[in-house]
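Novice: In the order they appear, the protein sequences are chains A and B. Residues 6 to 117, numbered by this note's numbering, are exactly what the first sequence covers, in order. Residues 27 to 137, numbered by this note's numbering, are exactly what the second sequence covers, in order. Beta carbons: idealized from backbone N, C-alpha and C, even for Gly.
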Amino acid sequence: DAGVIQSPRHEVTEMGQEVTLRCKPISGHDYLFWYRQTMMRGLELLIYFNNNVPIDDSGMPEDRFSAKMPNASFSTLKIQPSEPRDSAVYFCASSAHYEKLFFGSGTQLSVL
Amino acid sequence: SQQGEEDPQALSIQEGENATMNCSYKTSINNLQWYRQNSGRGLVHLILIRSNEREKHSGRLRVTLDTSKKSSSLLITASRAADTASYFCATIIQGAQKLVFGQGTRLTINP
């Protein structure tokens, strides 16, 4: 199994631009999580899905952030418009039963 | 807000020594997990201990859980240079299905 696959690995964009992060979970996993990691705030849970349905999005910072999971093998996290304070590493993780999580390698986002 | 807090924030030891990291949490949990993160990489699950367990072993790892004190410890025995990483505790709060992470302990093993 290739594990959780995230793309792109690095993203540099200008303030105001739309950013889309992508995630392919491990096949057979029915939970998918989006986390954001910064030095100041550590690892923050943004949103998680169960069977493609968003369960808890209370961690999404504001309306500029949105996440979708159109099918069991794909999820996106979109930021529109992006701001410099959104600069962080964004991780996607999947799990078979919300306990043991498998993380992707992350997307390093820099908003200039 | 963070559920778990690791202590110390940073730890530097010599290769071969044992490393102990602690985690305290605030609310009742279903289980507590430890993850490792190498620089520039995603987190990797190390071990899970349930709320009704007191101690668990996996290779050179030993985890303890004291629910009365709301604390856990991770012991890495006979440390190696490859153990250099950040270590995070994470908890699943009772009634929830999401994993909340602490701020982590940065461990450096000196050769």
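1) Rounded C-beta distance between B/Thr134 and B/Thr110? I'm assuming under 8 Å.
2) Hey, how far is the Cα of A/Ser71 from the Cα of A/Arg27?
3) Please report whether the beta-carbon of B/Gln120 lies at a distance below 7 Å from any beta-carbon of chain A.
4) If you drop the 5 nearest sequence neighbours on each side, which residues of the same chain put their C-beta closer than 6 Å to that of A/Tyr40?
5) How many whole angstroms separate the CB atoms of A/Thr112 and A/Glu16, which I take to be in contact at a CB cut-off of 8 Å?
6) Counting C-beta neighbours from all protein chains within 10 Å, is the total for A/Asp91 16 or more, i.e. buried, or is it exposed?
7) If you run the structure through DSSP and keep just helix, strand and coil, what is B/Ala111?
8) If you compare alpha carbons, which of B/Ala122, B/Ser112, B/Ile118, B/Pro137 is closest to B/Ser65?
9) Closest to B/Gly85 by C-alpha separation, out of B/Ile73, B/Gln63, B/Asp33, would be which residue?
10) I need the boundaries of the beta strand (DSSP E) containing B/Glu32, first residue and last residue.
11) Within the 7 Å Cβ cut-off, does A/Phe96 reach chain B?
12) Of all the CB atoms in chain A, is at least one closer than 7 Å to the CB of B/Gly30?
13) When the cut-off is 7 Å and only beta carbons count, does B/Gly85 lie next to chain A?
14) In the DSSP output, which residue or residues are listed as bridge partners for A/Gln11?
15) Hey, does B/Lys82 have any beta-carbon neighbour from chain A nearer than 7 Å?
16) With distances taken Cα to Cα, identify the nearest neighbour of A/Tyr36 among B/Gly130, B/Asn136, B/Leu69, B/Gln123.
17) Can you tell me whether A/Glu88 is buried or exposed? The criterion is at least 16 other CB atoms within 10 Å of its CB, across all chains shown.
18) Between which residues of its own chain and A/Phe54 is the CB-CB distance below 6 Å, once the five residues before and five after are set aside?
19) Using C-beta distances below 6 Å, list every residue in its chain close to B/Glu31, excluding the 5 sequence neighbours before and after it, in chain order.
Specialist: Working from what's here:
1) 5 Å
2) 12 Å
3) no
4) Leu48, Leu50, Phe96
5) 6 Å
6) buried
7) strand
8) B/Ser112
9) B/Ile73
10) 30-33
11) yes
12) no
13) no
14) A/Cys28
15) no
16) B/Gln123
17) exposed
18) Leu37, Met74
19) Ser50, Gly128
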